[in-house]
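Here the sequence shown is numbered in numbering that gives the first Met the number 0, starting from 0 and rising by one per residue. Positions of the beta carbon are idealized from the N, C-alpha and C atoms, including for glycine. The structure under discussion appears below in the form of structure tokens.
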Amino acid sequence: MSSEPDLARTVRIAARALGKHGLVHAYGHCSARLDADTFLVCPARPMGLVEPGESCTPVPVDGPLPDGVLGEVRIHQHIYRTRPEAGGVVRYMGPNAMALAALARSPKPRHGFGTYFAPEVPVWDDIQLIRDDEKAKGVVATMGANAGVLMRGNGAVTAGESLIEAVVLAWYLEDVCRVELEALKAGLADIAPTIAPDAAAARATKAGMIFERMWDHLTAGDPELPK
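Now the structure itself:
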């Protein structure tokens, strides 16, 4: 596990990257697991405005949210509680994910990025904000073992083995939603090909520094990266 200062730095870098690339705006949050019992969440303000060195808040995996932590961070809690392999969570509201979630339509794996969410991205079919444990449990149960979940009218959540992975998966999911919307606009969504499970499993690789290279792209120029 990373030390708390190093992990907080990664959380801040992730927050600014998500803001820089339009995946969040006034709303959204990200977190990284510190240990089995605790995770760090970004400051409760627009993520693109998070300052270098700003404090991130430790949150218990079990128990009440600390004062000042956003209510939807309960989703993070329930992911970390039920998925011990999860090391990072992103709650994001990119325009394509928002549009497709509003349609309550699950994007299918039609190109390489979609294979990381095969056989398809589940949809939590409730427009209410996730500000109580019952709804948070429902979202996470709908998500299951998938890398992402859409929330009807409210964007998406991704989870990865690290926050770096969760951020890259958020970028991937946004592109998966873009492709699905293009298929819908072209009238081809019901007949366009999807990627079969075996092919999807082979394509959804982490080899070749795929996640690391996308992370470098998304975070380039961040003030807390080494010069």
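Nearest residue (CA-CA) to residue i, options the options
i           : options              : result
residue 132 : 71, 36, 117 and 200  : 71
residue 192 : 179, 201 and 202     : 179
residue 24  : 144, 78, 83 and 91   : 91
residue 175 : 223, 31, 198 and 100 : 100
residue 170 : 45, 53, 14 and 183   : 14
residue 32  : 209, 221 and 164     : 164
residue 40  : 84, 118, 88 and 26   : 88
residue 199 : 223, 111 and 154     : 111
residue 127 : 105, 153 and 109     : 153
8 Å Cβ shell around residue i - same chain, five flanking residues per side excluded
i           : result
residue 21  : 93 and 94
residue 150 : 100, 122, 123, 125, 129, 138 and 156
residue 144 : 82
residue 161 : 31, 86 and 87
Paired residues, beta bridge with residue i - DSSP
i           : result
residue 56  : 40
residue 227 : In the structure as shown, the chain starts at 0 and stops at 226, and residue 227 therefore has no counterpart that could be examined.
residue 123 : 150
Enclosing beta strand (DSSP E) for residue i [first to last residue]
i           : result
residue 201 : Premise fails: residue 201 lies in the alpha helix (DSSP H), 196–202, not in any beta strand (DSSP E).
residue 34  : 28–34
residue 149 : 147–150
6 Å CB neighbourhood of residue i in its chain, flanking five on each side removed
i           : result
residue 213 : 167
Classification of residue i by the beta-carbon crowding that lies within 10 angstroms, buried from 16 upward
i           : result
residue 28  : buried
residue 142 : buried
residue 130 : exposed
residue 173 : buried
residue 218 : buried
residue 6   : buried
residue 117 : buried
residue 75  : buried
Spatial neighbours of residue i in its chain, beta-carbon cut-off 7 Å, leaving aside the 5 residues before and after
i          : result
residue 19 : 47
residue 68 : 40, 43, 56 and 58
The alpha helix (DSSP H) enclosing residue i, as first and last residue numbers
i           : result
residue 14  : 3–19
residue 215 : 209–218
residue 110 : Looking at the DSSP string, residue 110 is not in any alpha helix (DSSP H), and its letter there is neither H nor E.
residue 94  : 94–101
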